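S.K.: Have a look at this one.
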Amino acid sequence: MLAYMVPLSIQTLALRATTPDQLAEQVAEEYGLYVRLSEVWMLLGYNSISAARRAAYDNRLGIATSTIPGRKGRMIRSRDLAQWLFNASRGADPVTSRRTAQ
């Protein structure tokens with residue numbers, strides 16, 4: 882799949898989902914348990930992969946990332962991405978929502 886098509890496909894799933902769990906299942910089924918930051922940086926609202934990587938490094942991404950031994954790049958759990966996208970597609974501020982819930 883072309884790199885620019887991944888964000889569009891995930892965005893379509895987010896708009897069609899009725900619950901965060903449904904979206905998480907669809908994203909995991911389509912892309913696996915982890916999605917590379919390099920595939921979804923545009924969805925997260927960054928102008929470049931470099932900006933997204935820097936935000937992840939500084940813990941300003943608004944979504945948790947991790948590294949997996951033997952794999953290159955930062956990864957985002959499908960479930961976390963789905964929750965973030967579901968909130969964002971419904972107009973909620975995911976970062977603010979997370980802070981108030983804690």
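Taking the numbering used here, the leading residue of the sequence shown gets 882, the next gets one more, and so forth. C-beta atoms are modelled at their ideal positions from N, C-alpha and C, and glycine is treated no differently. Source: prediction; values computed, not measured.
(1) Just mark T948 as buried or exposed, buried being the case when its beta carbon has 16 or more other beta carbons within 10 Å.
(2) So, helix, strand or coil for Y912, using DSSP?
(3) Counting Cβ pairs closer than 8 Å, one from the region 892-902 and one from the region 936-951, do we hit at least three?
(4) List the residues that DSSP assigns as beta-bridge partners of M956.
(5) Does the beta-carbon of L914 have 16 or more other beta-carbons within 10 angstroms, so that it is buried, or is it exposed?
M.R.: Checking against the coordinates, here is how it stands:
(1) Against the sequence shown, residue 948 aligns to sequence position 67. That one is exposed.
(2) Taking the sequence shown and counting its residues from 1, one reaches residue 912 at position 31. Helix at Y912.
(3) no
(4) For the purposes of this step, residue 956 is taken as residue 75 along the sequence shown, with counting starting at 1. Beta-bridge pairing links M956 to R917 and S947.
(5) Along the sequence shown, read from residue 1 onward, the residue named residue 914 stands at position 33. Exposed is the call here.
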